[in-house]
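Below: the structure, in structure tokens.
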Amino acid sequence: MAEAAERKKDAVKRGWKRESERAAARFVSNRAAVAGLVVLAVIVAAVLMPGLLTRFDPIEMDLSVSLQSPSEEHPFGTDAFGRDILSRVLHGGRVSLGVGLVARTLSLILGLLAGTIAGYFGGRTDGLIMRLADITFAFPTLLLLIAIMAVVTPGVWALSVALGAVGWAAMARLVRAQVLSIRGRDYVQAARAAGASHLKLITRYILPQCLSPLIVVFTLGLGMTIMAESSLSFLGLGIQPPDPSWGGMIARGIAFMRTAPWLTILPGLVLTLVICSINLVGDGLREALDPRRLVPWKGGR
Amino acid sequence: MIRHILSITASLISALLIVSCGGGEGPPALRLVLQTEPTNLDPASAVDYSSGWVSSLIHSNIVRFEPDGSIEPDLARSWTVSGDGLEYVFHITGGRFSDGGSVTAFDVESSLKRLIAPSTASPRWWVLEPVAGASDFHAGRAGGCSIEARDDSTLVIRLGNRAAHFLSLLAMPAAGIVSPDAADSLGRDYGRRPTGSGPWRLVSWKSGDEIVLERNMFSPEADSGVPRISIRLIPETMTRVAEFEVGNLDLLEIPPAELELWRSAGVRLLSKPELRIVYIGLNNEKPPFDDPRVRRALNMAIDVESVIGHILFGAAEKATGIVPAGLRGSPPPAPLYRYDPAGAVQLLEEAGYPDGFSMEIWQRENPESGRILESVQGFLARVGIDVKIVTREWSAFKQAVDRGTPDAFYLDWFADYPEAGNFLVPLFHSENRGGGGNRAGFADEAVDSILDIASGVSDPAARWEMYAEAEKRVMEAAPWIFLWFPVRYEVVSHRLEGYEIPVIFNGQRFTGVSLR
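Protein sequences appear in the order of chains A and B. Under this note's numbering, the first residue of the first sequence is numbered 244, with each subsequent residue one higher. Under this note's numbering, the first residue of the second sequence is numbered 1359, with each subsequent residue one higher.
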């Protein structure tokens, strides 16, 4: 019996490899998704190496050059304090993307734990965890975030934890549904009959099957999380001045909307680009990894 | 489905159009705007700017401020003051409440006593504190105080001590005269449904939307040009600006960020230096700010002129003193602190902080002050001081500052009445530490005694000389980071005539304006 289970697992592995190749091919054939990926890669590279594009410090002010329109010296112009907007956008992007990734990862870990436990063990544990998820869902996300940020000291870590904590419920629901559908399958039953422990069953036979929907949800949620971070910073509850953040830059630029529109429009544009690209990539991944399209003999390719 | 949504949208839009056209009916209105909604129109409870401002349009006082800050008769057509300056006899006549009843001296007496009475618990009762017996009455130790109506038109007020500014106090919003009948029957609801004898009466108040006032037809000044005032409530700065630009407002305060734009726009731009000082109070009782060298260093570390130029776009005058130019008996002093970061670092070294320190500056929620503090933060970083800006909503901010919690706080002080003493005494007399106004906790015996003596001096020139001496001593001790006196810019529509920016916030009652 143990051998049969191993053989089955190998088959699963081989199938997975074939399927991931097909998925990659499908992703590449999706032009919008590839464009999104390219834009995202360019922005991420710029954000990681701001020194390539600007030599200005994002925080050091120089009132004598305040509110200059975009020029060769300052491609994105300067703000009321004479700080280079491009430099602030890049450094702010580091925070936005970083906070987004950390928060999403935290959601993923929490959701994975809660969802797996709920789906695998079922019964009262399941009921308890899912009711907790329902309670989290019952609050509008932004309101919940505002409430959290109002009581803690605002900062990068507080922000990441808050954003990560509110995102767990969606992940947990998804993981639970996947686990429920997989745990009754023949090969899982076979492995269980062969004496595999709970931990082994979960990590080797069940979770790998949940991977594709998780990748999609992780990516699509990343855009929303960056948006939420910007919203909080816009409201003054996120990244605190003088540290740059996209939301904060947009919020403080509004007063100059008509005298120095680049203060608002350029950070807003970058934010829009990032979120659109992430969503395009996420959509591309969803289509590429869609289990209904993973059935190889129907595609005729 | 899409068609369905479209038809819903279309009907919504037409509904909106109908609503917005509705405003065009009725007599032509003077269209004003407020950033914050009044909380309460009862003079005894109105503390914030918006409440006091609207309440002053609805209620008349014994005397009132003109736009230029001078005192003019209001309900009192005339008055006499006894030789010792303690007894005021007012001749009350001609006023009518908006419900038609005439205002008698008895109404004035009961209204003023209502302000002081312990049961009213007014945060502004101190306006009448100079009245003999007022403190005892307010504390519940006496049944009344020396405000007495002799007959329908004669009111006598006796003071405990000489108070040269007593008439100014009577012109403040808190001393507005309420209809005793309405106040008795409505109780706490009076703040929502006020009945005063001012030039305007409240017609409607839609929360978050609009307050509509109409002429009080019984008021003696009822026959001027504007029959109606609409006060829109719009918190968002750019929305107010847009509303003015499309012609929906007659008057707008220009936000500093937009000043350049409006200066070159060929509009009717008015400006007036405000009787207001903006400062960063330092907690004088808390190290390291208990050391005057540290406080002076902070004043030298910030380039105030350059902040005025680049962040406020010139809409302010650097505060080289504490009393605004309009209330001074002599020209403003030469600047004591000039921008000198090297000197500031040296002073900090002398005080024992060669590596600087970190501090918190508290502010209330306000985009304007956020921008200012960010520049202050930048300047202080250059001398090694790490500033954290803490933002709180107004009541939490005020509570913390009154208790002396923050290291420093960004705040302003505006004149309740046009008098140098209204700046120096509340802000720097050690008796007023905390909520009384001296929130920096400054205490200096010499300054205290100069201020005590000055308030009893009736000769204005001699009094000013003493105030100037106190001001000089305070400037040297540097209990604050002294910033500036703001200049207010307003733009008026082409149809509004006769408007003048008041120096005291309740000095413009829109009785002398007209619409073309």
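Each residue gets a CB set at the ideal place from its N, CA and C atoms; glycine is no exception.
{"Check": "Could you tell me which residues DSSP pairs with P1431/B in its beta bridges?", "Outcome": "V1421/B"}
{"Check": "Looking at V1625/B: is its Cβ nearer than 8 Å to the Cβ of V1849/B?", "Outcome": "yes"}
{"Check": "Name, please, each residue of chain B whose Cβ falls closer than 8 Å to the Cβ of L306/A.", "Outcome": "D1661, S1664, V1665, G1667, H1668, I1669 and S1733"}
{"Check": "Among the candidates E1506/B, P1476/B, S1480/B and A1479/B, whose CA atom is the shortest distance from the CA of A1490/B?", "Outcome": "E1506/B"}
{"Check": "Distance cutoff 8 Å, beta carbons only. Does I1839/B sit that close to anything in chain A?", "Outcome": "no"}
{"Check": "Excluding the 5 residues flanking R1482/B on each side, which residues of the same chain have their C-beta closer than 6 Å to its C-beta?", "Outcome": "A1532"}
{"Check": "Any beta carbon from chain B within less than 8 Å of A433/A's own beta carbon?", "Outcome": "no"}
{"Check": "By how many angstroms is the C-alpha of I449/A removed from the C-alpha of D429/A?", "Outcome": "12 Å"}
{"Check": "Starting from the Cα of T321/A, find the closest Cα among T396/A, I469/A and L509/A and give me that residue.", "Outcome": "L509/A"}
{"Check": "Taking a Cβ distance cut-off of 7 Å, strictly less, list which residues of the region 1736 to 1756 of chain B are near chain A, in chain order.", "Outcome": "G1736, I1747 and T1749"}
{"Check": "Can you pull the chain B neighbours of S309/A, defined as C-beta to C-beta under 7 Å?", "Outcome": "H1668"}
{"Check": "Roughly how many angstroms separate the alpha carbons of R1761/B and R1722/B, rounded to a whole number?", "Outcome": "15 Å"}
{"Check": "Enumerated in chain order, which unbroken segments of the beta strand (DSSP E) with a length of 3 residues or greater are wholly contained in the region 1662 to 1723 of chain B?", "Outcome": "1674 to 1676 and 1716 to 1722"}
{"Check": "What is the DSSP secondary structure of G525/A, reduced to helix, strand or coil?", "Outcome": "helix"}
{"Check": "So the candidates are R250/A, A267/A and R257/A; which of them puts its Cα closest to the Cα of R529/A?", "Outcome": "A267/A"}
{"Check": "Taking its Cβ as the centre, do 16 or more other Cβ atoms sit within 10 Å of A1373/B, making it buried, or is it exposed?", "Outcome": "Low confidence applies here, because A1373/B scores a pLDDT of 47, under 50, leaving its location unreliable and the question unanswered by this model."}
{"Check": "How many angstroms separate the CA atom of Y1825/B from the CA atom of L1444/B?", "Outcome": "23 Å"}
{"Check": "Could you say which of W1822/B, E1395/B, S1468/B and S1456/B lies nearest to A1402/B if we only look at CA atoms?", "Outcome": "S1468/B"}
{"Check": "Buried or exposed: where does G1559/B fall if 16 or more other Cβ atoms within 10 Å of its Cβ makes it buried?", "Outcome": "It is worth fixing the name first, because residue 1559/B is Arg in this sequence and not Gly. Burial call: buried."}
{"Check": "Listed from N- to C-terminal order along the chain, which residues in the region 499 to 524 of chain A have their beta-carbon within a distance smaller than 8 Å of any beta-carbon of chain B?", "Outcome": "F499, M500, R501 and T502"}
{"Check": "On a Cα-Cα basis, can you pick out the residue from V1604/B, F1576/B, S1565/B and S1577/B that is closest to I1589/B?", "Outcome": "S1565/B"}
{"Check": "Check whether the Cβ atoms of P1818/B and G1687/B lie closer than 8 Å to each other.", "Outcome": "yes"}
{"Check": "Report yes if the C-beta distance between I549/A and T368/A is below 8 Å; otherwise report no.", "Outcome": "Given that chain A is displayed from residue 244 to residue 544, the structure contains no residue 549/A and the question cannot be resolved."}
{"Check": "Would T1397/B count as contacting chain A if we go by Cβ distances under 8 Å?", "Outcome": "no"}
{"Check": "Any chance the region 1507 to 1516 of chain B sits against the region 1750 to 1760 of chain B, with 3 or more Cβ pairs inside 8 Å?", "Outcome": "no"}
{"Check": "Relative to the alpha-carbon of L1670/B, which residue among G1779/B, I1730/B and A1659/B has its alpha-carbon at the smallest distance?", "Outcome": "I1730/B"}
{"Check": "Tell me, which residues are paired with S1469/B by DSSP?", "Outcome": "For S1469/B, which the question treats as bridged, DSSP gives no partner whatsoever."}
{"Check": "Could you work out which residue in L417/A, R435/A and A346/A is closest to V407/A when comparing CA atoms only?", "Outcome": "Checking the displayed sequence, the identity of residue 407/A turns out to be Gly instead of Val. Checked all of L417/A, R435/A and A346/A; the closest Cα to G407/A is A346/A."}
{"Check": "Buried or exposed, going by whether 16 or more other CB atoms sit within 10 Å of the CB of G1380/B?", "Outcome": "Because G1380/B carries a pLDDT of 41, less than 50, the predicted location of this residue cannot be relied on, and the following value inherits that uncertainty. By the 10 Å Cβ count, G1380/B comes out exposed."}
{"Check": "Please state if the CB of G525/A and the CB of T446/A are separated by a distance shorter than 8 Å.", "Outcome": "no"}
{"Check": "If distances are taken between C-alpha atoms only, which option among G1441/B, L1433/B and F1772/B comes closest to S1816/B?", "Outcome": "G1441/B"}
{"Check": "Determine the burial state of G1382/B: buried for a count of at least 16 other Cβ atoms within 10 Å of its Cβ, exposed for fewer.", "Outcome": "Annotation note: pLDDT 46 at G1382/B (below 50); position unreliable, no value reported."}
{"Check": "Using CA coordinates, which residue listed in S1577/B, G1549/B and A1540/B is at the minimum distance from G1556/B?", "Outcome": "S1577/B"}
{"Check": "Helix, strand or coil: which one does DSSP assign to R1573/B?", "Outcome": "strand"}
{"Check": "Using DSSP bridges, identify the partner residues of D1509/B.", "Outcome": "T1512/B"}
{"Check": "By a C-beta neighbour count over all protein chains shown, 10 Å radius and 16 as the cutoff for buried, is W1720/B buried or exposed?", "Outcome": "buried"}
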